[in-house]
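One structure is given below, encoded as structure tokens.
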Amino acid sequence: MSSSSKTESFTVCVFCGANPGASPQYTAAAQDLAKLLHKNNWTLVYGGGTVGLMGTLARTLVSLSGPNAVHGIIPRALIKFEQGGAIPKTEEYGTTTVVEDMHARKAMMGKLSNAFVAMPGGFGTMEELFEIVTWNQLGIHDCPIVVLNVGGFYDGLLGWVKKAIQEGFIKENMEGILVEAKSVDEVEDLIRSYKPAQGRFDLNWNAEGKD
Numbered sequence: 001m002s003s004s005s006k007t008e009s010f011t012v013c014v015f016c017g018a019n020p021g022a023s024p025q026y027t028a029a030a031q032d033l034a035k036l037l038h039k040n041n042w043t044l045v046y047g048g049g050t051v052g053l054m055g056t057l058a059r060t061l062v063s064l065s066g067p068n069a070v071h072g073i074i075p076r077a078l079i080k081f082e083q084g085g086a087i088p089k090t091e092e093y094g095t096t097t098v099v100e101d102m103h104a105r106k107a108m109m110g111k112l113s114n115a116f117v118a119m120p121g122g123f124g125t126m127e128e129l130f131e132i133v134t135w136n137q138l139g140i141h142d143c144p145i146v147v148l149n150v151g152g153f154y155d156g157l158l159g160w161v162k163k164a165i166q167e168g169f170i171k172e173n174m175e176g177i178l179v180e181a182k183s184v185d186e187v188e189d190l191i192r193s194y195k196p197a198q199g200r201f202d203l204n205w206n207a208e209g210k211d
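In this text, residue positions in the sequence shown follow the UniProt record's numbering: the first is 1, and each later residue adds one.
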């Protein structure tokens, strides 16, 4: 995971659902996000799926930018849920790395990326989003984290953040760790203009305990 400061090129990790959702607006947003990545020549890291919003996002970007623009990371146990029960085809979904568990998946997604976007999704999407938010709070990275609030999907979550601040569980200056995009068009500017929240932990995460 690299610092996002002073960079014009981003590898964007997108967390999103393995289901398409009840409204076609979610699929449309995934397609539009792929177009935005293509326009900026940004690459995608995602959860390696062929179905739902994950599949739409990857297929669309590969169709525009080619397979080298997409890197999916999938735990071995989940392959059986993909199309044909097989590893996604490179020509349709880009490069796929198979890992042994969910922890390895998240670690690799974080290591390869320098910006993060959360689209609508379920439990897995929320778990991935909040782990990367926590890593930012703890000073493990300072990369942009954007919540793409399609059709108000994340209104409740954003309201919970404000409630947790109000009740003293999150410091007010930490609210800026994640920023809201109300449309796909806002994602680019929010990534480029992102500034790490003040008051984040200044901790030494060097594996050897050295500066």
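Cβ coordinates follow ideal geometry from the N, Cα and C atoms, glycine included.
### Query
Going by DSSP, what residues sit across from F15 in a beta bridge?
A118
Hey, how far is the Cα of P24 from the Cα of A34? 16 Å
Inter-stretch contact at 8 Å, needing at least 3 Cβ pairs: the region 145-155 / the region 180-194: yes
Q) Using the C-alpha atoms, what's the distance from T11 back to T43? A) 5 Å
- Query: For D211, which three-state DSSP category applies?
  - Reply: In this prediction, D211 scores a pLDDT of 49, lower than 50, which makes its location untrustworthy; the coordinate-derived value is nonetheless stated afterwards. Three-state result, D211: coil.
Q.
If distances are taken between C-alpha atoms only, which option among A164, Q166 and Q137 comes closest to A197?
A. Q137
Self-check item: C-beta atoms of G152 and T96 nearer than 7 Å
Solution: no
(Q) Given a cut-off of 7 Å on the beta-carbon distance, is the pair P75 and M102 in contact? (A) yes
As a quick exercise: from N19, L37, G17 and A22, pick the residue whose alpha carbon is nearest that of E186. L37
Exercise. For I87, which of helix, strand or coil comes out of DSSP?
Worked result: coil
- Which residue spans inside the region 106-175 form an unbroken beta strand (DSSP E) run of at least 3? 115-118 and 145-148
S193: which of D155, A115 and Y154 sits nearest, CA to CA? A115
**Asked** Any idea if Y26 is buried or exposed, counting beta-carbon neighbours within 10 angstroms, 16 or more meaning buried?
**Response** buried
For this session: May I ask you to report which of helix, strand or coil DSSP gives E180?
Result: strand
Task: Closer than 6 Å: Y26 CB and nearest the ligand ZN heavy atom - done: Of ligands this structure carries none, so the ligand ZN is not represented either.
Collapsed DSSP secondary structure at T56 in the structure displayed:
helix
Review point. Taking the alpha carbon of R59 as the point to measure from, which residue in A28, I79 and W135 has its own alpha carbon closest?
Key: A28
Anticipated Cβ contact below 8 Å, F15 with T125, distance rounded: 5 Å
Cβ-Cβ distance between T50 and P88 below 7 Å | yes
query = Nearest to G199 by CA position, among L64, G176 and N206, is which residue?
reply = G176
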